[in-house]
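Visitor:
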Amino acid sequence: MNIQANRLDRGFSRYQQEFEEAALKALRSGWYILGNELNEFEKEFANYTGAKHCVGLASGLDALWITFRLLGIGEGDEVIVQANAYIACVMGITMNGAIPIFVEPDKYFNLDVSKIEMAITVKTKAILVVHLYGQASNMPEIIRIAKKHNLYVVEDCAQSHGAHFNGQMTGTFGDVGCFSFYPSKNLGAFGDAGAIVTNNESLANEFLVYRNYGSEKRYYNKVVGTNSRLDELQASMLRIRLKYLNELNDERKRICEYYLSHISNSLIKLPDIAMNAESVWHQFVVMTEERDRFKKYLESSNVGSIIHYPIPPHLSEAYAGLGYKKGAFPITEKYADKVLSLPLYNGMMEEEIRYVVLMVNEYGK
Ligand SMILES: *Cc1c(COP(=O)(O)O)cnc(C)c1O
Numbered sequence: 004m005n006i007q008a009n010r011l012d013r014g015f016s017r018y019q020q021e022f023e024e025a026a027l028k029a030l031r032s033g034w035y036i037l038g039n040e041l042n043e044f045e046k047e048f049a050n051y052t053g054a055k056h057c058v059g060l061a062s063g064l065d066a067l068w069i070t071f072r073l074l075g076i077g078e079g080d081e082v083i084v085q086a087n088a089y090i091a092c093v094m095g096i097t098m099n100g101a102i103p104i105f106v107e108p109d110k111y112f113n114l115d116v117s118k119i120e121m122a123i124t125v126k127t128k129a130i131l132v133v134h135l136y137g138q139a140s141n142m143p144e145i146i147r148i149a150k151k152h153n154l155y156v157v158e159d160c161a162q163s164h165g166a167h168f169n170g171q172m173t174g175t176f177g178d179v180g181c182f183s184f185y186p187s188k189n190l191g192a193f194g195d196a197g198a199i200v201t202n203n204e205s206l207a208n209e210f211l212v213y214r215n216y217g218s219e220k221r222y223y224n225k226v227v228g229t230n231s232r233l234d235e236l237q238a239s240m241l242r243i244r245l246k247y248l249n250e251l252n253d254e255r256k257r258i259c260e261y262y263l264s265h266i267s268n269s270l271i272k273l274p275d276i277a278m279n280a281e282s283v284w285h286q287f288v289v290m291t292e293e294r295d296r297f298k299k300y301l302e303s304s305n306v307g308s309i310i311h312y313p314i315p316p317h318l319s320e321a322y323a324g325l326g327y328k329k330g331a332f333p334i335t336e337k338y339a340d341k342v343l344s345l346p347l348y349n350g351m352m353e354e355e356i357r358y359v360v361l362m363v364n365e366y367g368k
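Here this note's numbering runs 3 ahead of the position in the sequence shown, where the first position is 1.
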């Protein structure tokens with residue numbers, strides 16, 4: 004048995020015929036950018052999330068930076084974000100010249116709500132909430148704090164397609180929900196793609212204009228925009244994937260529930276689920292003291308694993324300019340040293356799941 008940390012071929016082959024027929028139809032249509040497939044996907048995804056509007060974009064990073072650009076957040080402004088976020092979250096902030104203000108995560112790996120207010124200054128314009136590893140953050144509390152301080156709330160849902168908090172879908176609590184459809188996400192395309200959802204109609208229209216060179220009518224340019232369009236081929240693939248998203252998320256959940264009830268090793272800390280939160284299990288992240296030893300052990304047992312993420316943004320070379328030293332965010336740094344994501348993918352076979360459990364349970368014995 005040889006188990007990869009992640010593989011996308013099984014998720015493809017399950018619906019292969021549908022994907023191939025839709026791809027051929029898109030290829031043969033003669034229309035490849037900004038057409039019917041995208042229009043339909045935008046309607047269907049808005050409907051799925053419960054948001055009024057969805058605008059397709061070229062990537063998750065584009066969704067983030069264009070959001071901050073359109074909210075007027077830039078040079079000198081501060082945006083609060085959890086310190087253990089993925090690097091793209093931070094780049095979405097800094098691409099407009101705004102400054103990320105890091106806040107430590109809670110034990111669920113999400114923004115520690117009790118530490119947000121201490122980080123707010125006169126320059127704070129927004130809170131970027133990242134529903135990390137698929138688990139919904141405590142949005143009602145974050146919205147309460149944001150209202151009190153008159154801040155925008157942007158949700159990064161690149162790992163939380165379909166996750167709810169108190170029955171409401173992530174991405175619909177704040178001003179804008181940002182999604183990536185990178186192939187390995189819960190809702191993945193076969194290339195790069197992204198989108199935003201919002202209930203704000205005029206803001207949605209600004210996204211429509213901005214993504215297409217600032218043009219509402221062909222060759223009439225209202226603003227200096229960009230090129231960030233979700234193409235017809237990817238949109239047609241996403242429409243198929245979206246039909247099965249709940250089923251795919253349920254499958255991930257069943258695998259993780261098996262892990263939760265069968266992994267039993269005092270060296271391995273299993274993930275916690277917060278009250279009222281739902282996870283769509285983008286990753287199954289455990290923690291252990293000697294993580295690198297554990298990772299090597301798994302490798303030698305033919306079990307793949309991935310570290311999400313080994314270097315927190317404040318210590319990454321890209322952000323050396325922010326001037327942070329090791330020790331600035333001890334909880335985040337501890338997580339970076341201890342986390343490990345176990346194999347998890349759609350189409351994972353029962354004997355593969357059982358084998359992972361067996362190997363994890365044997366560790367250190
Ligand atoms: C994947 C991801 C992104 C970036 O999405 P891309 O489509 O790769 O640009 C942003 N934030 C989070 C939390 C992600 O997981």
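Backbone N, C-alpha and C define an ideal beta-carbon position, used for all residues, glycine too.
Using the Cα positions of Asn252 and Tyr223, report the straight-line distance between them to the nearest angstrom.
Guide: 42 Å
Visitor: Looking only at its own chain, which residues have a Cβ that is under 8 Å from the Cβ of Ser218, when we skip the five neighbours before and after it?
Guide: Val212, Asn224, Lys225, Gly228
Visitor: According to DSSP, is Met172 helix, strand or coil?
Guide: strand
Visitor: Report all residues for which the CB-ligand distance to some heavy atom of ligand 1 is below 6 Å; order them along the chain.
Guide: Ser62, Gly63, Leu64, Tyr89, Ala91, Cys92, Val133, Asp159, Ala161, Gln162, Ser183, Tyr185, Asp195, Gly197
Visitor: Would you mind working out which of Leu11, Asp159, Ile102 sits nearest Leu325, comparing C-alpha positions?
Guide: Its Cα nearest to that of Leu325, the residue Ile102 stands out among Leu11, Asp159, Ile102.
Visitor: Can you give me the C-alpha to C-alpha distance between Gly63 and Ala161, rounded to a whole angstrom?
Guide: About 7 Å.
Visitor: Should the segment 72–88 be called in touch with the segment 114–133, which here means at least 3 C-beta pairs below 8 Å?
Guide: Because the criterion of three Cβ pairs below 8 Å is met, the segment 72–88 and the segment 114–133 touch.
Visitor: If we count the other Cβ atoms within 10 Å of its Cβ and call it buried at 16 or more, is Ile76 buried or exposed?
Guide: buried
Visitor: Closest to Thr175 by C-alpha separation, out of Asn39, Arg357, Cys57, would be which residue?
Guide: Cys57
Visitor: Would the segment 288–300 and the segment 327–343 be scored as touching if the rule is three or more Cβ pairs under 8 Å?
Guide: yes
Visitor: At the level of alpha carbons, what is the spacing between Ile36 and Ser303?
Guide: 46 Å
Visitor: What is the DSSP secondary structure of Lys337, reduced to helix, strand or coil?
Guide: helix
Visitor: Going straight from the alpha carbon of Lys118 to that of Thr70, what length do you get?
Guide: Approximately 24 Å between the Cα atoms of the pair.
Visitor: If distances are taken between C-alpha atoms only, which option among Pro346, Asn5, Val125, Thr97 comes closest to Tyr262?
Guide: Taking each of Pro346, Asn5, Val125, Thr97 in turn and checking the Cα distance to Tyr262, the smallest one comes out for Pro346.
Visitor: From the DSSP output, in three-state form, read off Thr201 for me.
Guide: strand
Visitor: On the criterion of 16 or more Cβ atoms from any shown chain inside 10 Å, does Thr335 qualify as buried, or is it exposed?
Guide: buried
Visitor: Would you call Gly59 buried or exposed, if buried means 16 or more other Cβ atoms sit within 10 Å of its Cβ?
Guide: Classification of Gly59: buried, given that the 10 Å Cβ count is 16 or more.
Visitor: Using DSSP with H/G/I as helix, E/B as strand and the rest coil, what is Gly14?
Guide: helix
Visitor: Considering only the beta carbon of each residue, do Asn87 and Pro315 sit closer than 8 Å?
Guide: By the CB criterion at 8 Å, Asn87 and Pro315 fall inside the cutoff.
Visitor: Classify Gly137 as helix, strand or coil using the three-state DSSP reduction.
Guide: Gly137: helix per DSSP, three-state reduction.
Visitor: DSSP three-state label for Phe193, please.
Guide: coil
Visitor: Which value, in whole angstroms, describes the spacing of the CA atoms of Phe287 and Leu206?
Guide: Roughly 35 Å separates the two Cα atoms.
Visitor: Could you tell me whether the segment 234–254 touches the segment 43–50, using the rule of 3 or more Cβ pairs below 8 Å?
Guide: Counting Cβ pairs under 8 Å, three or more are found: they touch.
Visitor: Below 7 Å CB to CB, which residues in the same chain sit around Ile6 once its five sequence neighbours on both sides are set aside?
Guide: For Ile6, the CB contacts under 7 Å within the same chain, skipping 5 residues up- and downstream, are Asn305, Val306, Gly307, Pro346, Glu355, Tyr358, Val359 in chain order.
Visitor: Quick one: residues in its chain with C-beta nearer than 6 Å to the C-beta of Ile123, no 5 flanking neighbours on either side, listed in chain order?
Guide: Excluding sequence neighbours, Ile123 sits near His152.
Visitor: Evaluate Glu24 with the Cβ neighbour count: other Cβ atoms within 10 Å of its Cβ, from every protein chain shown; 16 or more gives buried, anything less gives exposed.
Guide: Counting Cβ neighbours within 10 Å, Glu24 comes out exposed, since fewer than 16 surround it.
Visitor: Please return the same chain residues whose Cβ sits closer than 8 Å to the Cβ of Glu144, not counting the five positions on each side in sequence.
Guide: Val116
Visitor: Can you check whether the CB of Asn208 is closer than 8 Å to the CB of Asp178?
Guide: no
Visitor: Quick check: what's the CA-CA separation for Asn230 versus Glu43?
Guide: 20 Å
Visitor: Could you tell me the alpha carbon to alpha carbon distance between Gln85 and Lys272, rounded to whole angstroms?
Guide: 21 Å
Visitor: Put Gly59 into one of helix, strand or coil per three-state DSSP.
Guide: strand
Visitor: By Cβ distance below 6 Å, which residues in the same chain neighbour Phe15 in space, the five residues on each side in sequence not counted?
Guide: none
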